[in-house]
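Novice: The sequence shown begins at 38 in this note's numbering and counts up one residue at a time.
There's a structure below that I have some questions on.
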Amino acid sequence: MTAPLKYLGAYSDDTRHQVQALLNQNRLGEVLKKRYPKAHDVRNDRALYDYVQDLRDEFLRNAAPIDKVLFDSKIHVINHALGLHTSISRIQGGKLKAKHEIRVATMFRECPIEFLRMIAVHELAHVKEKQHDKAFYKLCTYMEPHYHQYEFDVRLYLTELEHSGQRLW
């Protein structure tokens, strides 16, 4: 293998070898484009807010409301963040109130809807489950049954982007 595949470090040697072979043949992007032919149309913060709210209303009706959702150009995938969930606590009239914000890396403004859904589901799951534990991933797969496949494919996309420097969508 040539360069380490930093986004795929937790996967098996066999998987990493297969990905490296696709990279060596310059075919990884082609494989991803065939699987996900087009980008989503959630292009602005309002559309992203509506998209995440629809997911929340469908799967997490009893969870705390989401106050802000936006694309954030300050999130760098290099730091292993695709999105962020923050909870800001404030005292209002003697009560402690938490405001929940979800931020998605701007690079996902142009990607397949499956990638955006995986990130939105991940960040929404943090509203109920703070840690990346069994309960967290169970909630993710409840909201998106193909969650793990989409997460893997996002990792493939990040690997391809690092290798070629070219966005696919």
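We put the beta carbon where it would ideally sit given N, CA and C, even for glycine.
(1) Quick one: residues in its chain with C-beta nearer than 7 Å to the C-beta of L85, no 5 flanking neighbours on either side, listed in chain order?
(2) Roughly how many angstroms separate the alpha carbons of Y48 and D91, rounded to a whole number?
(3) Grouping DSSP H, G and I as helix and E and B as strand, with all else coil, what is H169?
(4) Do you know how far the Cα of A101 is from the Cα of L205?
(5) For L69, collect the residues of the same chain with a Cβ closer than 8 Å to its Cβ; drop the 5 residues on either side in sequence, then sort them by chain order.
(6) Pop quiz: L97 and K165 are said to be a contact at Cβ under 8 Å. What is the actual Cβ separation, rounded to whole angstroms?
(7) Give every residue of the same chain whose Cβ lies closer than 7 Å to the Cβ of C177, excluding the five residues on either side of it in the sequence, and list them in chain order.
(8) Smallest Cα separation from G120: which of M155, I150, L133 and D87?
(9) Mark Q57 as exposed unless 16 or more other C-beta atoms lie within 10 angstroms of its C-beta, in which case mark it buried.
(10) With F96 as the anchor, note down where its alpha helix (DSSP H) starts and where it stops.
Specialist: Checking against the coordinates, here is how it stands:
(1) The sequence position of residue 85 within the sequence shown is 48, counting from 1. Only V79, V106, L107, F108 and V141 meet the Cβ criterion.
(2) Your numbering for residue 48 matches position 11 in the sequence shown. Your numbering for residue 91 matches position 54 in the sequence shown. Linking Y48 to D91 through their CA atoms gives a straight-line distance of about 32 Å.
(3) Taking the sequence shown and counting its residues from 1, one reaches residue 169 at position 132. DSSP places H169 outside both helix and strand once states are collapsed to three, so it counts as coil.
(4) Counting from one through the sequence shown, the residue named residue 205 turns up at place 168. Counting from one through the sequence shown, the residue named residue 101 turns up at place 64. About 35 Å.
(5) Reading the sequence shown from its first residue, position 32 is the one you call residue 69. A distance below 8 Å between beta-carbons, with the five flanking residues on each side excluded, links L69 to the following residues of its chain, in chain order: D190, L193, Y194, E197 and L205.
(6) Mapped onto the sequence shown, residue 97 falls at position 60. Mapped onto the sequence shown, residue 165 falls at position 128. With a beta-carbon spacing of about 7 Å, L97 and K165 fall inside the 8 Å limit used to define contacts.
(7) On the sequence shown, position 140 is the one that residue 177 refers to. Cβ-Cβ distances below 7 Å link C177 to V158, H159, A162 and Y184 in the same chain, with the five nearest sequence neighbours on each side left out; the list follows chain order.
(8) Here residue 120 refers to the residue found at position 83 when the sequence shown is read from its first residue. When each option's Cα is compared against that of G120, the closest is M155.
(9) Residue 57 sits at position 20 when you count from the first residue of the sequence shown. The residue is buried, with at least 16 neighbouring Cβ atoms inside 10 Å.
(10) If you number the sequence shown from 1, residue 96 lands on position 59. Going by DSSP, F96 is part of the alpha helix (DSSP H) stretching over D82 to F96.
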